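Here the structure comes first, spelled out in structure tokens, and everything after it is commentary.
Chains as they are written, first to last, in this note's numbering: chain F, 1 to 307; chain A, 1 to 345.
Okay, structure coming up:
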């Protein structure tokens with residue numbers, strides 16, 4: 001980090017209004033600067049941006065309908081019309097790859113936001129108020145964490161008649177909020193003991209103000225980092241469930257159910273172009289998000305906090 | 001001598017009336033439960049403040065000294081209701097605030113403020129100086145946006161910072177400057193009473209004097225009343241009108257600065273005073289203060305000694321000290337002491 005040149009105190013007349021042409025950066029701005037200096041994180045950000053663009057502009061990148069099946073041309077090898085060939089129902093693999101990224105990103109992002117909301121509220125209440133409320137919320141997280149995720153998810157999905165993205169996101173969110181709750185609670189507990197919180201109380205600030213103006217800005221670092229990393233793991237969860245056939249049902253394309261095509265040895269061996277691209281898609285997306293998350297972690301690390 | 005000090009010494013201290021009292025503390029107690037076992041049952045109590053009574057007169061500075069663990073910071077926090085008292089009352093400006101709900105006490109907070117010890121921990125590092133100093137005004141719903149900005153820049157120059165500093169963030173300042181920000185934050189709402197909780201003990205000695213003088217000047221200018229907590233007798237001497245000495249949650253001596261420093265009565269106060277290093281080569285050997293060295297550490301406030309809590313370290317302790325708790329009595333005019341040595345039957 002570039003250190004600003006110190007001004008010799010002797011040369012400055014204290015009574016004179018000295019105008020120093022230097023921008024004063026808030027801790028958040030400093031964190032953003034640190035983040036932008038992290039090369040790996042920037043690579044992750046660029047890759048992630050490209051993937052988002054691919055998802056958004058999918059209709060412009062291919063003229064094939066991902067859900068249009070053509071039983072006359074199944075399991076075709078790549079041609080100029082079908083760049084990555086077709087799947088077992090004769091649907092175009094390339095357009096399925098592009099449209100499938102939408103599902104992965106939407107599920108990952110909305111599950112993350114949903115989890116964030118639940119985790120933030122429960123964690124904030126538990127960490128701020130402590131005592132009995134804290135105890136109840138913590139035992140609840142223990143309960144949810146004790147339930148095996150896969151069994152719970154499969155049961156709920158099995159009970160549902162039709163799996164929509166909304167239901168899918170809810171299932172992921174209600175099974176993964178405890179992790180975030182604990183992180184938020186832990187951060188709040190340590191903040192609660194800090195003198196500046198006592199100071200806020202001493203000036204008569206209300207609980208709501210203390211939470212929003214003093215706790216959240218100071219807890220935002222770990223929360224953002226964990227939410228980002230959580231999004232990556234939610235994309236994996238979505239793919240995994242789709243792979244075993246409990247995800248978003250066909251014909252909606254997802255990377256997970258594209259890979260599940262490779263369950264047949266024939267496709268696995270003779271049509272690598274059908275399952276390698278979606279596999280790579282998951283890998284690259286998750287890797288990019290994790291790089292971003294690691295970059296954020298370094299940027300928000302209090303030990304490098306500009307002091 | 002300033003006007004305020006002269007006033008105090010001539011009138012207030014000698015013939016106090018109830019009208020002049022800003023803060024009155026009556027038999028205040030704060031016990032912290034010690035919880036243990038699987039069921040988190042209370043298995044004991046830390047008597048941080050154990051029956052303290054005093055009053056603070058408008059415009060004066062009452063210094064409170066004591067070792068770490070003597071309960072002086074807890075006392076300050078209970079008075080401001082940042083902690084709830086276990087027993088006793090705090091009357092602030094004729095209102096008993098000791099058992100008001102936090103919601104009801106909130107409007108009162110503009111009249112009573114606190115400056116904390118650690119200038120690095122007591123400022124929210126995510127807020128700019130301008131936001132930090134403006135916050136009390138916003139919270140208390142005082143002034144319009146325009147007047148707030150004016151008030152903030154007024155107070156920031158008063159504490160010796162520049163208007164340009166308002167855009168900066170706490171990490172850009174030194175400890176002394178940060179403490180000036182804390183002071184600005186406390187004073188921006190025009191309080192009547194400020195508790196200074198060891199405001200200079202985290203600072204370099206050279207900066208301590210600057211900050212102390214600033215606080216003194218501001219007191220004079222704004223007519224503030226201070227409760228000044230410190231563990232350093234020389235710091236307290238510099239700023240206080242009256243001084244209370246605290247030991248294990250109780251006041252052992254309370255007197256005007258002059259009386260306390262020239263004619264300390266309690267053995268503990270004498271020990272503290274004799275421990276201040278003196279550089280004076282011309283001092284007559286006969287006038288030399290007898291050094292009293294204290295043995296051992298402060299006993300645990302969870303399990304204080306019976307009778308006089310100081311008896312375990314007191315060179316003059318005798319049998320009565322074990323059995324009887326000494327009361328704080330007015331031995332000379334406005335000179336209170338809690339010691340059996342002066343109440344021989």
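A virtual CB, placed ideally from N, CA and C, is assigned to each residue, including glycine. Please read these numbers as outputs of a predicted model, since none were measured by experiment.
Quick one: what's got a C-beta closer than 8 angstroms to residue i's C-beta in the same chain, skipping five residues either side?
i                      : result
residue 35 of chain A  : 41, 42, 43
residue 183 of chain F : 119, 123, 222, 223, 226
residue 155 of chain A : 133, 184, 187, 188
residue 323 of chain A : 306, 307
residue 17 of chain F  : At residue 17 of chain F, the pLDDT of 47 sits below 50, so the modelled position is not reliable; the number obtained from the coordinates is stated separately. Same-chain partners within the cutoff: there are none.
residue 281 of chain F : 51, 97, 100, 101, 104, 255
residue 235 of chain F : 104, 105, 107, 108, 282, 285, 286, 289
residue 159 of chain F : none
Please work out which residues of its chain come closer than 7 angstroms, Cβ to Cβ, to residue i, disregarding the five sequence neighbours upstream and downstream, and give them in chain order.
i                      : result
residue 125 of chain F : 133, 137
residue 327 of chain A : 338
residue 233 of chain A : 65, 272, 273, 276
residue 143 of chain A : 137, 151
residue 84 of chain F  : 78, 93, 94, 97, 273, 274, 277
residue 311 of chain A : 305, 317, 321, 322
residue 66 of chain F  : 91, 92, 95, 96, 99, 253
residue 47 of chain A  : 31, 249, 301, 304
residue 286 of chain A : Because residue 286 of chain A sits at a pLDDT of 45, beneath the cut-off of 50, its placement in the model cannot be relied upon, and the point is left open.
residue 325 of chain A : 307, 308
I think residue i touches residue j, with their Cβ atoms under 8 angstroms apart; what is that distance to the nearest whole Å?
i                      : j                      : result
residue 211 of chain A : residue 224 of chain A : That belief does not hold up - the Cβ atoms of residue 211 of chain A and residue 224 of chain A are roughly 15 angstroms apart, past 8 angstroms.
residue 98 of chain A  : residue 90 of chain A  : 5 angstroms
residue 23 of chain A  : residue 49 of chain A  : Going by Cβ atoms, the distance from residue 23 of chain A to residue 49 of chain A rounds to 15 angstroms, so no, they are not a contact pair.
residue 92 of chain A  : residue 113 of chain A : Between residue 113 of chain A and residue 92 of chain A the Cβ distance is about 12 angstroms, and since that is not below 8 angstroms, they are no contact.
residue 260 of chain F : residue 245 of chain F : 6 angstroms
residue 231 of chain A : residue 198 of chain A : 7 angstroms
residue 191 of chain A : residue 111 of chain A : 5 angstroms
residue 177 of chain F : residue 115 of chain F : 5 angstroms
residue 214 of chain F : residue 124 of chain A : 5 angstroms
residue 31 of chain F  : residue 299 of chain F : 4 angstroms
residue 88 of chain A  : residue 26 of chain A  : 6 angstroms
residue 83 of chain A  : residue 74 of chain A  : 7 angstroms
residue 248 of chain F : residue 163 of chain F : 6 angstroms
residue 139 of chain A : residue 42 of chain F  : With 8 angstroms as the limit, residue 139 of chain A and residue 42 of chain F do not qualify as a contact, their Cβ atoms being about 40 angstroms apart.
Determine, using beta carbons only, whether residue i comes closer than 9 angstroms to chain B.
i                      : result
residue 172 of chain A : Any reference to chain B falls outside this structure, whose protein chains are F and A.
Could you pull out every residue in the same chain whose Cβ sits closer than 6 angstroms to the Cβ of residue i, ignoring the five residues on either side in sequence?
i                      : result
residue 48 of chain F  : 288
residue 62 of chain A  : 56, 227, 242
residue 210 of chain F : 200
For a test of the three-state rule: what should DSSP assign to residue i, helix, strand or coil?
i                      : result
residue 192 of chain A : coil
residue 21 of chain F  : Low local confidence applies: a pLDDT of 46 at residue 21 of chain F is under 50, so the model's placement there is unreliable, with the coordinate-based value given in what follows. Three-state DSSP puts residue 21 of chain F in coil, outside helix and strand.
residue 193 of chain F : coil
residue 37 of chain F  : coil
residue 283 of chain F : helix
residue 180 of chain F : helix
residue 329 of chain A : strand
residue 292 of chain F : helix
residue 204 of chain A : coil
residue 274 of chain F : helix
residue 299 of chain F : helix
residue 310 of chain A : coil
residue 207 of chain F : helix
residue 84 of chain A  : coil
residue 317 of chain A : coil
residue 186 of chain A : helix
residue 48 of chain A  : strand
Can you name the residues that DSSP bridges to residue i?
i                      : result
residue 245 of chain F : DSSP, once it has assigned bridges, lists no residue as partnering residue 245 of chain F.
residue 219 of chain A : DSSP output for residue 219 of chain A lists no bridge partner at all.
residue 346 of chain A : For chain A, the structure presents residues 1 to 345; residue 346 of chain A sits outside this window and is missing.
residue 89 of chain A  : A/26
residue 35 of chain A  : A/42
residue 254 of chain F : Beta-bridge pairing links residue 254 of chain F to no other residue.
residue 64 of chain A  : A/229, A/244
residue 212 of chain F : DSSP lists no partner for residue 212 of chain F.
residue 336 of chain A : A/254, A/330
Within the present structure, is the beta-carbon of residue i separated from the nearest heavy atom of the ligand SAH by less than 8 angstroms?
i                      : result
residue 273 of chain A : Although the ligand SAH was asked about, the structure shown includes no ligands whatsoever.
Segments assigned beta strand (DSSP E), at least 3 residues, entirely inside the stretch 95 to 177 of chain A
112 to 115
4-residue-minimum alpha helix (DSSP H) runs that sit fully inside the stretch 102 to 178 of chain F, ordered along the chain:
131 to 146, 149 to 159
At which residue ranges does the stretch 236 to 300 of chain A contain complete alpha helix (DSSP H) runs of 4 or more residues, listed in the order of the chain?
257 to 262, 267 to 274
Could you give the uninterrupted runs of the alpha helix (DSSP H) lying entirely in the stretch 41 to 102 of chain F, keeping only those of 4 residues or more?
58 to 61
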